[in-house]
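Reviewing the structure listed below.
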Amino acid sequence: MMKSKKELVYEKLRSQIIACQLQPGEPINEAEFAERFGVSKTPIREAIRQLDREGLVDSIPGRGSIISYISSGDIYETFEIREIIECGAARLAAKLTNKERLIKKRDELKELKGKLTAEDEPQHWNDYNDIHAEIIDSVANKRLSKMYREILDNIERIRNNFGHRFSGRRVEHIIEEHID
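Counting from 1 along the sequence shown, just add 306 to a position and that's the residue number in our numbering.
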């Protein structure tokens, strides 16, 4: 099924916000984006409303919209939500999922721990996230999986915005916690 113009515009804007191609505080000029994406202003406005509901855009009545800022509270809450989702999903997976599958995921974490190098940190985080996403998907709860992916996108935006590169030692510590 073909995506609507609004969906395509939404996906493009969202991905540019997460990649920090659009910076916090940057105004969203509807006419400029309509021209850039080859659409009318209507799909731009609809996409902005959806991004506003997700907290990626702030709409200011009578003034337009800007890319939302990321506060220290936002960062704390995002990582707190991630922890809650991961721990809850792990408990559910332990009850519902084939034990061999969980052992395989634990073994993948051990293998990842053995590969840690500073140069590959972004890839290690992607691998780490993929392992968790698979565990969460094993619970077969679509809403939980969707929420987790949104949290991962927020974390990617935080890392892109603030240049957060966690040291290999930090990644190693986190993996150790998960293996134990």
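The beta carbon of each residue, even a glycine, is placed where N, CA and C say it ideally should be.
Quick caveat: nothing in here was measured; it's all calculated off a predicted structure.
Simplified DSSP assignment, three categories, for residue i
i, result
"residue 315", "helix"
"residue 444", "helix"
"residue 330", "coil"
"residue 376", "coil"
"residue 371", "strand"
"residue 474", "Low local confidence applies: a pLDDT of 43 at residue 474 is under 50, so the model's placement there is unreliable, and no value is given."
"residue 310", "coil"
"residue 417", "helix"
"residue 493", "The chain is shown from 307 up to 486; residue 493 falls before or after that span and cannot be answered."
"residue 335", "coil"
Same chain, Cβ closer than 8 Å to residue i, five either side skipped, listed in chain order
i, result
"residue 331", "372, 373 and 375"
"residue 466", "324, 325 and 326"
Residue i - partner residues in DSSP beta bridges
i, result
"residue 365", "371"
Within 8 Å, strictly: CB atoms of residue i and residue j
i, j, result
"residue 324", "residue 384", "no"
"residue 343", "residue 363", "no"
"residue 464", "residue 409", "no"
"residue 333", "residue 368", "no"
"residue 459", "residue 451", "no"
Cut-off 7 Å between Cβ atoms - residues of its own chain near residue i, not counting five sequence neighbours on either side
i, result
"residue 414", "437"
Task: Touch test, the region 342-353 against the region 432-439, Cβ-Cβ under 8 Å, three pairs minimum - done: no
Open item on the list: With a threshold of 8 Å, are at least 3 pairs of Cβ atoms found where one atom belongs to the region 352-365 and the other to the region 381-400?
Closed with: no
Open item on the list: Would the region 395-404 count as touching the region 359-373 if we require 3 or more Cβ pairs under 8 Å?
Closed with: no
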